[in-house]
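Numbering (the working numbering), first residue to last: 5 to 172.
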């Protein structure tokens with residue numbers, strides 16, 4: 005590895021709420037890294053708790069959230085290189101006269117035993133995206149990211165920053 009651990013494990017909590025129902029919102033969470041000394045954040049795990057969507061007869065509803073290393077224009081999936089974690093709660097009620105059937109999807113919030121980390125953040129922040137679909141009320145996501153600070157060697161740091169910026 006081209007980096008050395010410089011802190012104990014840190015937990016960063018966040019909470020994002022839509023400004024209006026079914027509206028995309030993104031919040032920037034500062035990591036306050038020392039970029040002059042090539043400091044990075046090594047992500048060990050993320051837990052996302054999205055609000056339940058509204059149960060409306062004959063209407064599909066959902067609440068979706070993602071955590072990414074770079075700013076995004078919508079909620080992302082794990083197919084995006086900069087997406088660290090994602091979660092979704094959905095109710096499928098199209099064609100039903102009642103509230104429908106609920107579905108959940110979340111990336112593993114714990115690390116597999118054979119993985120040293122799940123992501124590296126080289127820029128000074130990360131971003132949380134949220135959007136509800138077809139809900140009558142505003143929805144939110146609460147979350148926590150665990151990781152530690154590390155100092156990267158110059159070439160590793162340059163490659164990580166370039167990778168984040170170019171794939172944004």
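Even glycine gets a Cβ: it sits at the ideal position worked out from N, Cα and C.
Beta carbon of residue i nearer than 7 Å to that of residue j
| i | j | result |
| --- | --- | --- |
| residue 71 | residue 121 | no |
| residue 69 | residue 52 | yes |
| residue 131 | residue 32 | yes |
| residue 138 | residue 65 | yes |
| residue 50 | residue 145 | no |
| residue 133 | residue 76 | yes |
| residue 170 | residue 126 | no |
For residue j and residue i, believed in contact at Cβ under 8 Å, the rounded distance
| i | j | result |
| --- | --- | --- |
| residue 80 | residue 90 | 7 Å |
| residue 154 | residue 13 | 12 Å between Cβ atoms; not a contact. |
Euclidean distance between Cα positions of residue i and residue j
| i | j | result |
| --- | --- | --- |
| residue 96 | residue 21 | 22 Å |
| residue 39 | residue 167 | 16 Å |
| residue 160 | residue 119 | 19 Å |
| residue 98 | residue 27 | 21 Å |
| residue 58 | residue 150 | 30 Å |
| residue 82 | residue 92 | 12 Å |
| residue 41 | residue 162 | 12 Å |
Counted within 10 angstroms of its Cβ, other Cβ atoms place residue i as buried (16 or more) or exposed
| i | result |
| --- | --- |
| residue 157 | exposed |
| residue 143 | buried |
| residue 7 | buried |
| residue 34 | exposed |
| residue 73 | buried |
| residue 24 | exposed |
Runs of beta strand (DSSP E) lying entirely within the stretch 11-99, each at least 3 residues, in chain order: 14-21, 29-34, 43-54, 65-72 and 87-96
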